[in-house]
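Chains as they are written, first to last, in this note's numbering: chain A, 1 to 115; chain B, 116 to 278. Glycine included, each C-beta is placed from N, C-alpha and C at the ideal position.
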């Protein structure tokens with residue numbers, strides 16, 4: 001009985017680890033988009049920073065990285081301040097329209113990796 | 116998505132506490148790591164209890180094993196609930212609509228109900244048993260249910276961020 005349960009637990013854990021791979025879930029990695037334009041709103045918050053960006057007549061919500069990672073990589077609160085011009089490359093949400101998860105952003109000619 | 120959430124969860128997220136958790140450099144990470152450490156503690160204590168109910172660790176009487184592990188499990192659960200509340204508050208309006216989070220909440224309820232059934236019923240059948248005595252079927256069922264429920268709760272917790 002215990003042996004069966006141990007095996008069952010191992011399977012659940014292994015499945016969990018496999019599913020936890022990047023790209024799984026509600027972002028479509030097959031259709032990367034680049035959103036470029038001025039930052040309309042900016043939240044430098046946990047669990048991850050977000051900005052909204054006006055681009056080609058739409059306002060995109062761009063999900064960035066946790067603030068600790070952002071600041072480690074030089075993407076401080078000032079870098080993503082309202083009014084700055086940003087270019088974000090990433091994957092569009094399949095659940096929320098006009099939302100994307102950025103893989104990297106470019107501001108003032110500097111590129112910051114988000115993953 | 117935020118618009119659909121019940122007002123109380125929107126209010127919780129927009130509270131000063133919610134803002135503090137999101138804006139602090141350390142509060143969210145501390146709650147995050149604390150939640151996992153509490154989970155490790157909880158899972159360990161719980162596994163000992165459930166394995167004893169299933170007939171393992173039979174060199175010691177069930178009452179002794181259950182009593183020792185129980186206080187650790189309770190302390191760990193309090194810590195899990197507290198850190199979980201902080202993590203939830205930061206994004207309450209999104210999380211409450213997350214299907215995996217909803218399953219997790221329901222399973223926590225089921226786990227606690229299973230515990231209540233044990234505490235107020237099954238427990239009497241095992242408290243006076245000595246070491247090495249076979250466990251009654253009701254105790255085995257309670258142990259197996261508990262293990263299964265809490266493993267899925269943990270798996271749900273890890274999976275919330277991906278939905």
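- At the C-beta level, residue 90 (chain A) and residue 103 (chain A) come within 8 Å of one another.
- Under the three-state reduction of DSSP output, residue 141 (chain B) falls in the coil class, being neither helix nor strand.
- The beta carbon of residue 146 (chain B) sits closer than 6 Å to the beta carbons of 198, 201 and 202 from its chain, once the five residues preceding and following it are set aside; these are given in chain order.
- For the stretch 59-85 of chain A, the residues whose beta carbon sits under 9 Å from a beta carbon of chain B are, in order, 66, 67, 68 and 71.
- Secondary structure of residue 84 (chain A) (DSSP, three-state): coil.
- Using a CB distance cut-off of 8 Å, residue 92 (chain A) does not count as an interface residue toward chain B.
- At a cut-off of 8 Å, the C-beta of residue 217 (chain B) has no neighbouring C-beta in chain A.
- A Cβ-Cβ distance of about 12 Å is found for the pair residue 50 (chain A) and residue 82 (chain A), leaving them out of contact under the 8 Å criterion.
- With respect to the C-alpha of residue 238 (chain B), the residue from B:253, B:268, B:128 and B:212 having the closest C-alpha is B:253.
- The closest CA to that of residue 39 (chain A), considering only A:61, A:95 and A:93, is found on A:61.
- Residue burial is scored here from C-beta neighbours: residue 219 (chain B) has at least 16 other C-beta atoms within 10 angstroms and is therefore classed as buried.
- For the stretch 202-227 of chain B, the set of residues with a beta-carbon nearer than 9 Å to any beta-carbon of chain A comprises 202, 205 and 206, in chain order.
- Between residue 261 (chain B) and residue 226 (chain B), the C-beta spacing is below 8 Å.
- Contiguous alpha helix (DSSP H) elements confined to the stretch 152-204 of chain B do not occur, taking only those with 4 or more residues.
- Within the stretch 37-53 of chain A, the residues whose Cβ lies closer than 7 Å to some Cβ of chain B are 45, 46 and 47, listed in chain order.
- By the criterion of a C-beta distance shorter than 6 Å, residue 164 (chain B) is surrounded in its chain by 181 and 184, once the five residues flanking it on both sides are discounted.
- If you look at residue 123 (chain B), you'll find it in the alpha helix (DSSP H) that goes 122-129.
- Closest in C-alpha terms to residue 206 (chain B), from the list B:122, B:133, B:121 and B:278, comes B:133.
- Sorting B:161, B:166, B:212 and B:140 by C-alpha distance to the C-alpha of residue 125 (chain B) places B:212 at the top.
- Rounded to whole angstroms, the separation of the alpha carbons of residue 255 (chain B) and residue 73 (chain A) is 52 Å.
- In the structure shown, residue 56 (chain A) adopts coil according to DSSP, grouped into three states.
- Counting along the chain, the unbroken beta strand (DSSP E) around residue 111 (chain A) starts and ends at 110-113.
- Around the beta-carbon of residue 136 (chain B), 16 or more other beta-carbon atoms lie within 10 Å, marking it buried.
- At a C-beta separation below 7 Å, residue 233 (chain B) has no neighbours in chain A, since its nearest C-beta there lies roughly 18 Å away.
- Neighbours of residue 137 (chain B) in chain A, taken as residues whose beta carbon is under 7 Å from its own, are 45 and 46 in chain order.
- Distance from the CA atom of residue 271 (chain B) to the CA atom of residue 263 (chain B), rounded to whole angstroms, is 12 Å.
- Residue 194 (chain B) is not a Cβ neighbour of residue 231 (chain B), given a cutoff of 8 Å.
- Residue 210 (chain B) and residue 216 (chain B) have their C-alpha atoms some 6 Å from each other.
- Around the beta carbon of residue 224 (chain B), fewer than 16 other beta carbons sit within 10 angstroms, so the residue counts as exposed.
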